[in-house]
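When we follow the numbering used here, the leftmost residue of the sequence shown carries the number 11, and every step to the right adds one.
Heads up, the beta-carbon is just placed ideally off N, CA and C, and yes, glycines get one too.
Only a predicted model underlies this, so the values are computations on that prediction, with no experimental measurement involved.
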Amino acid sequence: CFGGTAALFNALNWVESSAWNGKYALVVAADIAVYAKGPARPTGGAGAVAMLIGAHAPLVFDRGVRSLHMRHVYDFYKPDLSSEYPTVDSKKSIEC
11 CFGGTAALFN ALNWVESSAW NGKYALVVAA DIAVYAKGPA RPTGGAGAVA
61 MLIGAHAPLV FDRGVRSLHM RHVYDFYKPD LSSEYPTVDS KKSIEC
């Protein structure tokens, strides 16, 4: 989800700023997808990653290439919090 991406961008911005004190930033992102029986069920799963952000990292981010775009669209949401299954409009997701 976007929360992990936002956390990564915030950590990178902090490390590049004058406020950075030389300490590492820790970014943890996790998500789980559970679908009811049907064609989407095999695409479900879970994943997590932890990233240590600081100077002299083996993976370098290009300072000039960062962007994002968001739009409020009901392509994937959970209108019924008593159910673990989302409402998915896959055609709308592809369109977005």
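Contact under 9 Å by Cβ, residue i with residue j
| i | j | result |
| --- | --- | --- |
| isoleucine 63 | valine 38 | no |
| proline 89 | tyrosine 45 | no |
| phenylalanine 19 | arginine 76 | yes |
| glycine 54 | alanine 40 | no |
| phenylalanine 86 | aspartate 72 | no |
Per DSSP, cross-strand counterpart(s) of residue i
| i | result |
| --- | --- |
| methionine 61 | Val37 |
| threonine 97 | Tyr87 |
| glycine 55 | Ala43 |
As assigned by DSSP and simplified to three states, the class of residue i
| i | result |
| --- | --- |
| alanine 46 | coil |
| valine 70 | coil |
| alanine 29 | coil |
| leucine 78 | coil |
| glycine 92 | Note on identity: in this sequence residue 92 is serine, with glycine being the wrong assignment. Serine 92 falls in the coil class under three-state DSSP. |
Chain D contact for residue i (CB, 9 Å cutoff)
| i | result |
| --- | --- |
| asparagine 23 | Although the question refers to chain D, the structure presented lacks it and comprises just one protein chain. |
Beta-carbon proximity list for residue i, same chain, < 8 Å, skipping 5 on both sides
| i | result |
| --- | --- |
| lysine 33 | Gly64 |
Chain-order list of residues whose beta-carbon lies under 6 Å from that of residue i (same chain, five-residue window excluded)
| i | result |
| --- | --- |
| alanine 17 | Val37 |
Close-in-space but distant-in-sequence residues of the same chain around residue i (CB under 7 Å, 5 per side omitted)
| i | result |
| --- | --- |
| glutamate 94 | Val44 |
Notebook entry, point to check: Okay, do the segment 80-99 and the segment 15-28 touch, 3+ Cβ pairs below 8 Å being the bar?
Noted result: no
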